[in-house]
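2 protein chains.
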Amino acid sequence: MSFYDATVPAFLQILGSLSGILTKAEAHCKAKNIQPEVLLGARLYPDMLPLSRQIQLVCDFAAKGCARLTGSEVPSTPDTEKSFEELRQRLAKTIDYVKTFKPAQFDGADSRDVTFPTGPDKTMTLKGQQFLSNVAFPNFYFHAATAHGILRHNGVEIGKRDFLGVS
Amino acid sequence: MSFYDATVPAFLQILGSLSGILTKAEAHCKAKNIQPEVLLGARLYPDMLPLSRQIQLVCDFAAKGCARLTGSEVPSTPDTEKSFEELRQRLAKTIDYVKTFKPAQFDGADSRDVTFPTGPDKTMTLKGQQFLSNVAFPNFYFHAATAHGILRHNGVEIGKRDFLGVS
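Protein chains in written order, with the working numbering: chain V, 1 to 167; chain L, 1 to 167.
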């Protein structure tokens, strides 16, 4: 197996499963007569980010993670999504982008330096494997699971199988 | 880098950060005169698992994940923890266990078959890399981030930096 196999399939699994979760959330809104923007703006605590931003961050950590690991131009996507459909499109575009990477682009990337921002004026440099294991993955899964938690807390009938994409 | 590097450091980062998060949660209970068992039993929704069980599952996915990937005997730990201190001990024991593995035990494990239970009478077999990427990691991070979300939702002053262990 290759470093590509350690990276891309993990991102694709959750990007795909979140799309299914958003479809269930949208159906929940229709069934319960909930305005979609209420759920899209829901948070687990007032100073936490809302559902829509959690999804955007999941997309960013996958797309930018692949770009940084392969030394590609890091994409910048405006966070303009205002509906479940637009967020699903964001996920779909991210999936398409992640799928453009070829295994060879990841060859040796685990041992290459990756420099990434850690604040407005700060950067950090790690080896690719450490960047993936200790930065990209935990951030990616953190926002994905928080999105799941927000919807679960609001009564949407989903579970871990939806998060894993196996339901 | 090796398959060990793709596996063990990721588990250790979050097992350690959760211990710090539990310490902050315990201090929050003291400061706000909250009975610890209330927070340990908190859930994001009535049919979700409580905080204590989320921590136990994080430990299990790390410990059993390493065992399955290396063909070691899969440990079974009774879920008896009833306090923040006992949960921190569970995390510490899991960290000690994960640290017993040597890099050589993971050599070739990415391409070896891993068979694991998916229900009371069902198993699934995947290559080690797929087991790690699509089963062990997403389950591990799911329960860790859900534990964080439960505490955040209950007003404990933690954030993503605590989750990442960089605060």
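Think of the CB as a built atom: it goes at the ideal place given N, C-alpha and C, for glycine as much as any other residue.
Query	Result
Rounded to whole angstroms, what is the Cα-Cα separation between ARG90/V and GLU81/V?	8 Å
My guess is that PHE163/L and PRO138/V are in contact by the Cβ rule of under 8 Å, so how many angstroms apart are they, rounded?	7 Å
Listed in chain order, which residues of the region 113-134 of chain V have Cβ atoms closer than 9 Å to some Cβ of chain L?	THR118, LYS127, GLY128, GLN129, GLN130, LEU132, SER133 and ASN134
In terms of residue numbering, what span does the beta strand (DSSP E) encompassing THR70/V cover?	Unbroken run through THR70/V is the alpha helix (DSSP H), 51-70; no beta strand (DSSP E).
What is the DSSP secondary structure of LEU126/V, counted as helix, strand or coil?	strand
Leaving out the 5 sequence neighbours to the left and right, which residues in its chain are closer than 8 Å to ALA67/V when beta-carbon positions are compared?	GLU73, VAL74 and PRO75
Taking 8 Å as the threshold, find out whether the region 97-116 of chain V comes into contact with the region 9-21 of chain V through three or more Cβ pairs.	yes
For ARG90/V, go through chain L and note every residue whose CB falls closer than 9 Å to its CB, in chain order.	What ARG90/V touches in chain L: nothing, since even the nearest Cβ is about 20 Å away.
Touching or not, the region 125-138 of chain V and the region 1-9 of chain L, by the rule of three or more beta carbon pairs under 8 Å?	yes
Between the region 71-104 of chain L and chain V, which residues of the former have a C-beta closer than 9 Å to a C-beta of the latter?	none
How would you call ARG161/V, buried or exposed, if buried means at least 16 neighbouring beta carbons within 10 angstroms?	exposed
How many Å lie between SER167/V and MET124/L at the Cα?	15 Å
If you draw a straight line from the C-alpha of THR115/V to the C-alpha of PHE106/V, how long is it?	16 Å
Quick one: is GLN35/L buried, meaning 16 or more other Cβ sit within 10 Å of its Cβ, or exposed?	exposed
Say whether chain L places a C-beta atom closer than 8 Å to the C-beta of ARG152/V.	yes
Can you give the Cα-Cα distance for ARG112/L and LEU69/L, rounded to whole angstroms?	8 Å
Please list, in chain order, the residues of the region 24-49 of chain V that have any C-beta partner in chain L closer than 7 Å.	LEU44, TYR45 and MET48
Answer yes or no: do ILE150/V and LEU57/V have a C-beta to C-beta separation smaller than 8 Å?	no
From ASP60/V to ALA92/V, what distance separates their C-alpha atoms?	13 Å
Could you check where the alpha helix (DSSP H) with GLY20/V kicks off and where it finishes?	3-32
So, are the CB atoms of ALA136/L and GLN54/L less than 8 Å apart?	no
With 8 Å as the threshold, decide whether the Cβ of ASP107/L is near any Cβ in chain V.	no
Any C-beta of chain V within less than 9 Å: which residues of the region 58-70 of chain L qualify?	none
Note down the Cα distance separating ILE21/V from HIS143/V, rounded to an integer number of angstroms.	14 Å
Whole angstroms are fine: how far does the CA of ALA145/L sit from the CA of LEU44/V?	12 Å
How far does the beta strand (DSSP E) with THR115/V in it reach, from first residue to last?	113-119
Go through its chain and collect everything with a Cβ distance to ASP79/L's Cβ below 6 Å, but skip five positions before and after it.	GLN56
So ILE158/L contacts chain V; which residues on that side make the cut at Cβ distance below 9 Å?	Neighbours of ILE158/L on chain V: none; closest Cβ ~10 Å, over 9 Å.
What are the boundary residues of the alpha helix (DSSP H) that includes LEU132/V?	Neither: LEU132/V is in no alpha helix (DSSP H) and is coded neither H nor E.
Give the DSSP-derived three-state secondary structure of PHE140/L in the structure shown.	helix
If the criterion is Cβ atoms closer than 8 Å, does the pair THR94/V and ALA63/V meet it?	yes
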